[in-house]
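Engineer: Residue numbers (my numbering), protein chains in the order written: chain A, 1 to 1054; chain B, 10001 to 10590. Virtual Cβ for every residue (Gly too), placed ideally from N, Cα, C. Structure in structure tokens, see below.
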Amino acid sequence: MKISDYTKLLEIKETASKKILPDKPYVAIGMGTCGIGRGAEVLFDSFERVIAERKLDIIIKKTGCFGFCAEEPLVNIYIPGKPLIILHRVTENDVIPLIIGIEKGIMPYRNVLCRIEEWDFITEKYEFGKGLTEYPLWNEVPFFKWQKKIVLRNCGLIVPDDIEEYIAVGGYFPLYNALHKMNPVSVIDEVKKSKLRGRGGAGFPTGVKWDLMAKVEGDQKYVICNADEGDPGAFMNRNEIESDPFMLIEGMTIGAFAMGASKGVVYIRAEYPLAVQRLKGAIKQAKDLGLLGDNILNSGFNFEIDIVEGAGAFVCGEETSLIHSIEGKSGRPSPRPPYPAEKGLYGKPTNINNVETWCNVPVIISKGGDWFTGTGTEKSPGTKVFSLVGKVKNTGLVELPLGSTLETIVFKIGEGTGTQKTVKAVQSGGPSGGCIPVEYLNTPVDYESLNSLGAIMGSGGMVVMDQDNCMVDVARYFTEFSNGESCGKCTPCREGLSQTLHILNKVTEGVATSEDLDALVKLGQVIKSTALCGLGQTAPNPVLTTLRYFRDEYDHHMIEKKCEPGICHSLFTALCENSCPLHMNIPRYLQLLKEDKLEDAFETSLRDNPLPGTLGRICHFHCQMKCLRETIDAPVSQGDIHRYIADTVYKEGKAQKIYARLIKEKLPPTYKKIAIIGAGPAGLTAAFYLVRLGHDVTVFDSESEAGGILRWGIPKYRLPLETLDTEINFIKELGVHFVFNTTVGKDISMEELERDYHKIIIAVGAHKDILLSVEGNELDGVVSGMDFLKDVAKGIKPDIGKNVVVIGAGNVAIDAARTAQRFGTDVTVVYRRLKGDMPANKDEIKEAEIEGVNFLFLCNPKEILADANDKVRGIELMKMECGDIDLSNRRKPVPTGESFIIGCDSVIMAVGEEVDAPFVKEFGLKISTDGVISADHFTFKTSHPKIYAIGDAVTGPATAAEAMGIAKKAAEVIDYKLMNKRRFHKLNRGFDYSDDVPLKPEGGNRHYAIKRPLEERTGNFKEINLGYSKDQAYAEAARCLRCDVRINTNTEEE
Amino acid sequence: MENKFINIIVDNRAYQVIKGSTILETCKEIGIKIPSLCYLKDVSSNASCGICVVDVKGAKTLVRSCITQVNEGMEITTHSPAINQARTTNLELLLANHPKDCLICERNGNCELQELTVTLGIKDTPYAKTKPVEKIDDSSLSLVRNPEKCILCGRCIAVCAEVQTVHAIDFTGRGLRSIVSTYQDKGLGNVACTNCGQCALVCPTAAIVEKDETKEVFEDIYNKEKIVIVQTAPAIRVGIGEAMGMEQGALVTGKMVAALRKLGFDKVFDTQFTADLTIMEEGHELINRIKNGGTLPMITSCSPGWIKFIEHFYPKSLDHLSTCKSPQQMFGAVAKTYYAEKLNVDPRKIIVVSIMPCTAKKFECKRPEMNSAFSYWKDILNLTERDNFYDVDYVLTTRELAKMFKKTGIDFCTLQEEEFDKPLGISTGAGVIFGATGGVMEAAVRTAYEVLTGKPLNKIDLTAVRGFEGIKEAELDIKGTKVKVAVAHTLKNARALLDQIEEGKSPYAFIEVMTCPGGCLGGGGQAIPTTWEIRQKRADSIYKEDRLMPLRKSHDNPAIKAIYEEFLNEPLGHLSHELLHTHYEERGIY
């Protein structure tokens, strides 16, 4: 039956509207490729079976995808008169309860994602029903809240295999109007008015393109739909076709009418079988109704659509290649001009638009160009569909007005990484696009803005990367893709990309030079400016943008031979080793312990880390955050084992023998004098290595003893003094001179040091508390966290009253809270964000809670209140609420306006620390804007050639291990500078141990060290963590999977 | 009339130039030679190399001057730091994967890549070799392809597909694995390749060269046991001079003979002798067909590329081919029978070397049926199949011969002219013009007319079939009968005539086909470069030689008369049939 007139079309619509709003319940399962991949097919079968078995009057439908991939399978439940409910993560187990509920007219209460009361299909509106307000409206869900569905208006809500449902939501009325109420010129004018731009990536004005084609004379003209979506991580077009194929067909038909084409081709990759199948079915249905073929809608206009399945070459997205591919030739681009509008498919005038471009057409014809420009920006009106993937919580297809910011996409819609990891960058536009760093995410998404960042809109792939992504590897990955997809025709693309990849491989292997990086830039520029087609012209974008925004990562690989995220495997031994700032060979000491070689295990860890017992207690344990064992159960407790080894060696008196060996091994005196300012972890570490290298090392400290933060900042219940003293004493034994109670700039001048020493190392740390700018912060009773801890460490009993408020969320805040609590006070920690956002060690927070410290989250000090004597008597706190996720991947605390007061006797401020070393500035060393000493990232040399700065003094507050890691690197650099020879490796020695990889995970579940019982903790500073037993230590060591062992397979690519 | 001139700015200077040309050609006209590599005028504008880029104001990227037409008001910059960088980098990229064995390369000194490297002042090859080594294709008897030396300019593909419509080669593979290859990588010897060698002629490097047989020929020359005789095709005398450093199209018949003698050939003969013989046989064959209702149009069979072409692509039309062997093969057959008998030597002692402007001849001489002399002697000398020998032993191209001359220290330019040996060195002007498109037709008409009419031909020059037009036709009036003839050069044009035949619409009685553009003077074995300007100069020399010859009709050649009297008896006679005629086979497309 063919639709011959308007009445007939309207008739179908009226009848079919019952399909959208039937008078009985329906269940619709989202059956896009994505849903099917998550089990939608099984789910459908299950629903069908249960409904059939129970002979229920429930309609079951297959819809497309509503876009929320992360939450698939999605199921829509409709009960007449009620809102449409969208369920997420539905499993087979949910089927029977759901059906029982529907039968009784009760909406499900589990798995509800949202409700839809009414839906604007744009070409038609439907009201499902009101009520069920216990569930959020669809646009109250963060993932949908910022979206505007124009192209995706029908996706997931209508049955893609049923043309009647498409007509029911207003489909084919735009075509009717175009054919009967408009003419080709007015159709093109409307598209021009809409300012629609090509959604394939280049953004050429569609109306202008159509006009050019319409004006070309030709006996045969073609329109082509480019559905050769090939970017890794992009699937917009696939879903648009799978979920709403008629939208594309109608768009093409209108376009063909406007441009005078009688034949259309959809060029779609064969890897999209479902899309191909749905499209074929749709074409047939459209033909049957006279909406395709001869005399469409009785207008005299003829139009046919063929489907050509491409083999999936990325370059076939380029229009001339695509045309060649349709013609049966190999997909190689040819130079333009001639443009396809003059000489296209089979030499005939041809117009190519991307799927999404075509999909916008029916809406523009229906609502008018002016309506369309109401969305988006002046230059880029309308919406754009993105596929949001990668390290983001809410993955899926999102459609939002052009001009929205990347931040909206990644943080508001995507809700950040969904993990503790922070977002590093967004790759937009796939292999042709660029990597945009998180700092630029407030950029509006439109063609021009993205170009200015060196990226492109592309067809809409958006890959989010977090701190675990190596940007060099990202560039390498995309270059490898483009290199593999280059057709090979032109020199710059074929040869240039291969050389780019070759150099990037060198970078990831740590063998690149700075000339290589220069070559990358040069190659990128030449490829961009001379490649023949879009593939080559954009392929260098990932390299050029990562070089522009992440140059430091390249430098890391090149200079330090390190890949911080642990991706470039040539550059590290194991992930734990790579994460360790000191690069301790962790698998080695684990294996040595396993083999019962305790002394060797201690010796290797001592050589890597001069304070093994100390760090084994207080480290941030960077190693555990990357442990591969976590993929099976939980990370290996490398730190606890580390501590066990040190403690046991000390306890058994075996350390001295090993110390003696290291002392004997000291390199001959070099007669080079080195002054180190600061005896904290960084200063001690630098001294440890430099003295062993034969240098004459003197450490100056303003305090009476060595240890810095370790002694004065970390409470003894975490780090007993005996351990620290043992380890510091050994550094003394090695021959390091200490000069205490000497403040540089006061007791001794920098000029003297400069005169008397060959090199000076500044390792003064960052331990001056930052004073929170809040009214009342000068009151008596407001103390700095660091000062408080230091006084306690010195044995001074603090005068803090009975009730103490600690402001902050870092380790200093927790240490201060627990310390205060040990003096019998009632302590409350106040933090403006959520518990999960606290930067302090998770374990310390847990122990603080156990010990009875109170926490007030989402509270921010508004004012510290005083009594008549200007003494603290309370604090007014502003209640905060969670806003959107900000660039730090945490929810932004937003003041609610509501505040409350709690009484207290003192307020401890621990909101961060800064460098406090007036002599540095006085001496004229360069200080950077954030107050730290300016030093080279790799050599740690300051603006003075003789002076180096290490640790927190250059990084700002960081962990002890990080400070020590820098000290170790600096020691190597300084030795090289002094001696002009690479000698640092002489401080290592080999150890004998097995490289047998456990064939299955050993050691059982993670072992936890025994903690001191709560009742024994009160009022004292006895150590809380009692460490591993021998059995625990051995069993835990056995859990290591030995990912450091590599098998040489020689699989290097040619 | 539309305005022919437009205004453009090149490097900040205004010019008025002719509309419709490319930036590259236009700049050449105004004295700016933009470096280019893959572009070859009249052959290929693949736009792949990225060397000829220039800056056009307003363009998003640099543009390729070889394919971009000049427009009114265009502002062009032909050199700038960015442009130089792009050219240099693209060349360096090509060099990264190109062997740097220039010293021992076939095209050393005549290589466009080498020349460009000098032009752009490349002093370093900063990039690594990233491309896997592809195997050399030596499956063909005529040509050797070395993908490692290929810069993927696409000229060979263009000439094969567009000039010859053969499509024996194309790009295969993607990205760095792109190579020029044959159907299923079978090798040129195993696919529908006509061996025409136009690919080798246009190749800017040594990626496609003829199969070199100079070593074998030197060995036989130095072998005292062998009588090594040489035949030279008509087009050699207008091509070898160029290859030896003389001016384009230099006519050097006498010097060539002298040089061949110096090289050590025992006898220096001329393929033109058998060209005259071909006319006798082919002329009579045509007359026979016309008189006796044989298959018409009859098509010439001198050009072995063409023969293989029709065998591959138009097997149904094989009957239209003249059964005459090519002059080269007639020479071989005659040399090892008639001349061997004259010398009274064992034919197996005779080595026949052909100097041809052609690579397809290398294939032709190794066709299994080209052993008529062996068949002739088989019973007489009691030979077995194991003694089989070919009529022609080696074919050398113009370029190979030049190498031999150079190697032996022959100072070609200063040589005194010498004459061919007798009797197989005697020829007429009709034989000479075999070297140019239309020449066989003209020579045949000179003889056929006189044989048919018994009257002398007044106007010997048949100018209608001269020149480089793709398909030329002429109408002859022979005793009141109008006979239409056509001449085609290049296989594309031959294809057009064959399509006409297969559609039953061919108005012609006789068709001449030569494989290469311009005929043998533009053959795949000629000196590089061979352009239309150069072809014209060679053609001029050919017709000059014809004009200067005392005898200009094949049937006037006394040596031809003698061979019929002494040996063959009559055209199309029994012995002619045995020695001078052949048959063809159907070959598949794959």
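Under 8 Å, with one C-beta from each stretch per pair, do the stretch 976 to 983 of chain A and the stretch 595 to 606 of chain A reach the 3-pair mark?
Structural biologist: Contact between the stretch 976 to 983 of chain A and the stretch 595 to 606 of chain A is absent, because fewer than three Cβ pairs lie under 8 Å.
Engineer: Contact criterion: CB-CB distance below 7 Å. Does E1052 (chain A) meet it with respect to chain B?
Structural biologist: Confidence in E1052 (chain A) is poor, its pLDDT being 48 and thus under 50, which makes the residue's placement unreliable; the coordinate value appears in the next sentence. Not one chain B Cβ lies under 7 Å of E1052 (chain A).
Engineer: Report the neighbours of L532 (chain A) on chain B: residues whose CB is nearer than 9 Å to its CB, in chain order.
Structural biologist: Within 9 Å Cβ-Cβ: A10047, S10048, G10050 and R10064.
Engineer: How far does the beta strand (DSSP E) with T383 (chain A) in it reach, from first residue to last?
Structural biologist: T383 to G390 is the extent of the beta strand (DSSP E) around T383 (chain A).
Engineer: How would you call V10345 (chain B), buried or exposed, if buried means at least 16 neighbouring beta carbons within 10 angstroms?
Structural biologist: Exposed, since its Cβ has fewer than 16 Cβ neighbours within 10 Å.
Engineer: If you draw a straight line from the alpha carbon of K10479 (chain B) to that of T10453 (chain B), how long is it in whole angstroms?
Structural biologist: Those two C-alpha atoms are separated by around 6 Å.
Engineer: On the criterion of 16 or more Cβ atoms from any shown chain inside 10 Å, does E250 (chain A) qualify as buried, or is it exposed?
Structural biologist: It counts as buried.
Engineer: Measure the CB-CB distance between T538 (chain A) and P492 (chain A) and report whether it falls below 7 Å.
Structural biologist: Cβ distance not < 7 Å, so T538 (chain A) and P492 (chain A) don't count as in contact.
Engineer: For the stretch 433 to 495 of chain A, which segments carrying the alpha helix (DSSP H) assignment without a break, of at least 4 residues, lie completely within its bounds, in sequence order?
Structural biologist: If we require 4 residues or more, the alpha helix (DSSP H) runs fully inside the stretch 433 to 495 of chain A come out as 447 to 452 and 471 to 485.
Engineer: Any contact of the stretch 10145 to 10162 of chain B with the stretch 10017 to 10034 of chain B, i.e. 3+ C-beta pairs under 8 Å?
Structural biologist: The stretch 10145 to 10162 of chain B, when compared against the stretch 10017 to 10034 of chain B, does not touch it at the 8 Å Cβ threshold.
Engineer: Check whether chain B comes within 7 Å of K489 (chain A), counting only Cβ atoms and requiring the distance to be less than that.
Structural biologist: For K489 (chain A), the answer is yes, since a Cβ of chain B falls inside 7 Å of its Cβ.
Engineer: Which residue wins for smallest C-alpha separation from T1018 (chain A), given the options A:G852, A:T320, A:R822 and A:V954?
Structural biologist: Checking every option, the nearest Cα to that of T1018 (chain A) belongs to A:R822.
Engineer: Can you look up P401 (chain A) in the DSSP assignment and give me helix, strand or coil?
Structural biologist: Three-state DSSP puts P401 (chain A) in a strand.
Engineer: Q10085 (chain B) versus chain A: which residues are under 8 Å apart at the beta carbon?
Structural biologist: Going along chain A in sequence order, the residues near Q10085 (chain B) (Cβ under 8 Å) are K522, Q525 and V526.
Engineer: For M10330 (chain B), count neighbouring Cβ atoms within 10 angstroms of its own Cβ and tell me buried if that reaches 16, exposed if not.
Structural biologist: By the 10 Å Cβ count, M10330 (chain B) comes out buried.
Engineer: Give the C-beta separation of P10234 (chain B) and I10151 (chain B) to the nearest angstrom, bearing in mind that I take them to be a contact with Cβ-Cβ under 8 Å.
Structural biologist: 34 Å between Cβ atoms; not a contact.
Engineer: Would you kindly work out how many angstroms separate the C-alpha atoms of Y10564 (chain B) and N10388 (chain B), rounded to a whole number?
Structural biologist: Approximately 26 Å, taken between the alpha carbons.
Engineer: Would DSSP call P205 (chain A) helix, strand or coil?
Structural biologist: P205 (chain A): strand per DSSP, three-state reduction.
Engineer: Between K862 (chain A) and S899 (chain A), is the Cβ-Cβ spacing less than 7 Å?
Structural biologist: Closer than 7 Å, so yes.
Engineer: Bridge partners of C10324 (chain B), per DSSP?
Structural biologist: Bridge partners of C10324 (chain B): B:H10581.
Engineer: State the Cα-Cα distance for the pair I10018 (chain B) and E10075 (chain B), rounded to the nearest angstrom.
Structural biologist: Near 15 Å, if we compare the C-alpha coordinates of E10075 (chain B) and I10018 (chain B).
Engineer: For H642 (chain A), go through chain B and note every residue whose CB falls closer than 8 Å to its CB, in chain order.
Structural biologist: None at all; the shortest Cβ gap to chain B is about 43 Å.
Engineer: So P895 (chain A) and M909 (chain A) are in contact, right, with Cβ under 8 Å, and what is the actual spacing, rounded?
Structural biologist: About 20 Å separates the two Cβ atoms, so there is no contact after all.
Engineer: Run through the DSSP bridge pairs and tell me what V10513 (chain B) is partnered with.
Structural biologist: Answer by DSSP bridge pairing, in chain order: B:A10488.
Engineer: Interface residues of chain A around V10591 (chain B) at Cβ under 7 Å?
Structural biologist: Residue 10591 (chain B) lies beyond the residue range present for chain B, which begins at 10001 and ends at 10590; the question has no answer from this structure.
Engineer: Which residue's Cα is closest to the Cα of F10412 (chain B): B:G10241, B:T10068, B:C10193 and B:T10182?
Structural biologist: Answer by Cα proximity: B:G10241.
Engineer: On a Cα-Cα basis, can you pick out the residue from A:Q1032, A:S994, A:D996 and A:K986 that is closest to Y1008 (chain A)?
Structural biologist: Of the candidates A:Q1032, A:S994, A:D996 and A:K986, the one whose C-alpha sits nearest the C-alpha of Y1008 (chain A) is A:Q1032.
Engineer: Alpha carbons only, please: which of A:L400, A:A793 and A:N841 is nearest the one belonging to R153 (chain A)?
Structural biologist: Cα-wise, what sits closest to R153 (chain A) is A:L400.
Engineer: For the alpha helix (DSSP H) containing R10466 (chain B), name the first residue and the last one.
Structural biologist: First-last for R10466 (chain B): undefined, no H or E at that position.
Engineer: Whose C-alpha, out of A:L858, A:A634 and A:G824, is nearest the C-alpha of R1006 (chain A)?
Structural biologist: Per the Cα distances, A:A634.
Engineer: What are the partner residues of E10025 (chain B), as DSSP defines its beta bridges?
Structural biologist: The partner list for E10025 (chain B) (beta bridge, DSSP) is empty, contrary to what the question assumes.
Engineer: Considering Q10016 (chain B), what are the terminal residues of the beta strand (DSSP E) in which it resides?
Structural biologist: Looking at the DSSP string, the run of the beta strand (DSSP E) that includes Q10016 (chain B) is R10013 to I10018.
Engineer: Mapping DSSP to helix, strand and coil, what is R278 (chain A)?
Structural biologist: Three-state DSSP puts R278 (chain A) in a helix.
Engineer: Can you round the beta-carbon distance between I10221 (chain B) and F10269 (chain B) to whole angstroms, since I take them to be within the 8 Å contact cut?
Structural biologist: In fact, because the Cβ distance is near 15 Å, the residues do not count as touching under 8 Å.
Engineer: Can you pull the chain A neighbours of V10043 (chain B), defined as C-beta to C-beta under 8 Å?
Structural biologist: What V10043 (chain B) touches in chain A: nothing, since even the nearest Cβ is about 16 Å away.
Engineer: Show which residues of chain B have a CB atom less than 7 Å away from the CB atom of G496 (chain A).
Structural biologist: The answer, in chain order, is L10093.
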